[in-house]
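**Q**
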Amino acid sequence: MEESIEKNPIPPQIQIRTQQISPETITIHIRDNALGILEIQLAKIFDPFFTTKPIGKGTGLGLSISYQIITEKHNGRLECLSTPGKGTEFIIQIPIIQKSNRG
Numbered sequence: 000m001e002e003s004i005e006k007n008p009i010p011p012q013i014q015i016r017t018q019q020i021s022p023e024t025i026t027i028h029i030r031d032n033a034l035g036i037l038e039i040q041l042a043k044i045f046d047p048f049f050t051t052k053p054i055g056k057g058t059g060l061g062l063s064i065s066y067q068i069i070t071e072k073h074n075g076r077l078e079c080l081s082t083p084g085k086g087t088e089f090i091i092q093i094p095i096i097q098k099s100n101r102g
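Just so we're aligned: 35 in numbering that gives the first Met the number 0 is position 36 of the sequence shown, and the numbers increase by one with no gaps anywhere.
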């Protein structure tokens, strides 16, 4: 979003939408109207330490940790859809009721 503010005359927006897609599952959509993510970067976006930011501006761990929490701890899914020049959307799909890991 920071880069978009400098390069894009359209005011930046973030939209959050939730939806119950079945009796057992919800989705959370987080979408922006920023510059989007290039396809080559999109393929690595959930990799540990991957970042497009300059040195000292980020570790590249945030999305990797988010992916791990959503998929392993909550038995969900996290996907990223992006169109360069149009924006990016993250979609989180998780069960409403979590299964206990305790036996």
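Note that CB positions come from ideal geometry on N, CA and C, so glycine has one too.
If you drop the 5 nearest sequence neighbours on each side, which residues of the same chain put their C-beta closer than 8 angstroms to that of T17?
**A** Within the sequence shown, the letter at position 18 stands for residue 17. The residues are I25, T26, I27 and H28.
**Q** Among the candidates S63, P53 and A33, whose CA atom is the shortest distance from the CA of K43?
**A** The sequence position of residue 43 within the sequence shown is 44, counting from 1. Of the candidates S63, P53 and A33, the one whose C-alpha sits nearest the C-alpha of K43 is S63.
**Q** Identify which residue in L77, S81, E71 and I20 has its Cα closest to the Cα of I39.
**A** Position 40 of the sequence shown, counted from the first residue, corresponds to residue 39. It is S81.
**Q** Where T50 and G59 are concerned, what is the direct C-alpha to C-alpha distance, given to the nearest angstrom?
**A** Sequence index remark: in the sequence shown, residue 50 carries index 51 (1-based). Sequence index remark: in the sequence shown, residue 59 carries index 60 (1-based). Distance between the alpha carbons of T50 and G59: 5 angstroms.
**Q** Go through its chain and collect everything with a Cβ distance to I95's Cβ below 7 angstroms, but skip five positions before and after it.
**A** Residue mapping note: residue 95 aligns to position 96 of the sequence shown, counting from 1. Closer than 7 angstroms at the Cβ level, and outside the excluded window around I95, lie E23, T24 and I25.
**Q** Pick out whichever of I20, Q19, D31 and I36 has its Cα sitting closest to the Cα of I13.
**A** Looking up residue 13 in the sequence shown gives position 14. When only C-alpha atoms are compared, the closest one is D31.
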